[in-house]
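Taken in sequence, the protein lines are chains A and B. Under this note's numbering, the first residue of the first sequence carries the number 8, and numbering increases by one thereafter. Under this note's numbering, the first residue of the second sequence carries the number 17, and numbering increases by one thereafter.
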Amino acid sequence: MFKDQIGKKSAKVKNIVERGVVKKFAEAIGDLHPIYYDEEVGEKSRYKKNIAPPTFPRVFDYGFIEGLHLPNKGLIHGEQSFHYNRPLFVGEEIYCYTTIKNYFEKKGSFGEMGFLVIENIGEDAAGKVIFSSTSTVIISEAVRKVLAK
Amino acid sequence: MSRLAELQVGQSLNEVSLAPVSRIALIKYAGASGDFNPIHTIDDEAAKAGLPGIIAHGMWTMGNLAKLFTEYYEEGFVKDYSIRFKNMVFLNDVITLKAELKEKQDKTLKFSVKAVNQHGKVTIAGNVVYQLY
């Protein structure tokens, strides 16, 4: 039921790597290092500014793909990866979008499982990719039946 | 180990053991990340999903694991970070974070990383490619 979504993209959404949000996120993953929030430490670093933790792109808004309806419940996060060309800087603007890379079904222990591969991308204002992240989401047969209704 | 560049293949970063997983920690992660799937915070919703109790967000564990690399920020950055979610993390689990250097090519360091629970079971596992400047 997701096969026809492969290749679809959302429109880009402007996000800001907000200082307070970075600090809260770092705290929530038990990684409250001053490089993430202390301005002086940021200025003295090679970056001359604060950076964000590698899994921070989780908080960005990537926009919506028309016709794609994913429930908040019943999905299993199978795999996740991040690729960076450089760290994210606190205060910078990131243009984010999402695309459906693949969908396939496999027999598993809970029946026929669906695997949805989603790629999220973050670019700078000039359109240069800063990071990409790929999520594989597993959708059970039971959840797909509910979605099909 | 003071510098990542001095690490030899087969050596590991210092392990970190987390405090037992608490509900408030998962509520904080839900708020900070925007992932409000209720199986991570609300007992009834976890039960409805057939789980014995609430489970940590996979991304909470993945986020924690990356902190093994944070202190080396002057030397380089995490270029690739890939994880497979293998086993669920429950309330009161004690998670230990590990990273071992597997390959070293010029300025590229490839680590095998994992988070293990108090029974020695791997909850998440994958790789970090660290790019030195």
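Note that CB positions come from ideal geometry on N, CA and C, so glycine has one too.
Simplified DSSP assignment, three categories, for GLY70 of chain A: Assigned with DSSP and collapsed to three states, GLY70 of chain A falls in coil, not helix or strand.
With a cut-off of 8 Å, does the C-beta of GLN12 of chain A fall near any C-beta of chain B? Judged by the 8 Å Cβ criterion, GLN12 of chain A is not in contact with chain B.
Residues in its own chain within less than 7 Å of ASP68 of chain A by CB, not counting five upstream and five downstream? Excluding positions up to five away in sequence, the list reads VAL20, ASN22, CYS103.
At the 8 Å Cβ level, is ASP38 of chain A part of the contact set with chain B, yes or no? So yes, ASP38 of chain A belongs to the interface.
Can you grab the Cα-Cα spacing for the pair SER142 of chain A / ASP60 of chain B, in whole Å? Roughly 27 Å between the two C-alpha positions.
Coarse secondary structure for SER18 of chain B, derived from DSSP in three states: SER18 of chain B falls in the coil class under three-state DSSP.
Report the three-state DSSP secondary structure of GLN12 of chain A (helix, strand or coil). In the structure shown, GLN12 of chain A falls within a helical segment according to DSSP collapsed to helix, strand and coil.
Throw me the rounded Cβ distance for the PHE93 of chain B and TYR91 of chain A pair, which I believe falls under 8 Å. Going by Cβ atoms, the distance from PHE93 of chain B to TYR91 of chain A rounds to 6 Å, so yes, they are a contact pair.
At least one CB of chain B closer than 8 Å to the CB of SER17 of chain A: is that the case? Not a single CB atom of chain B sits nearer than 8 Å to the CB of SER17 of chain A.
Contact set for MET17 of chain B: own chain, Cβ-Cβ below 8 Å, skip 5 residues either direction: Any reading at MET17 of chain B must be qualified, since the residue scores a pLDDT of 47, below 50, and its modelled position is unreliable; the value itself is stated next. If the five residues before and after MET17 of chain B are omitted, its C-beta is found closer than 8 Å to the C-beta atoms of LEU23, GLN27, LEU29, ASN30, all from its own chain and listed in chain order.
Rounded to whole angstroms, what is the Cα-Cα separation between LYS120 of chain B and LYS114 of chain B? LYS120 of chain B and LYS114 of chain B have their alpha carbons spaced roughly 18 Å apart.
For the beta strand (DSSP E) that PRO20 of chain A lies in, which residues bound it at each end? The residue asked about is misnamed: residue 20 of chain A is Val in this sequence, not Pro. Segment 20–23, the beta strand (DSSP E) holding VAL20 of chain A.
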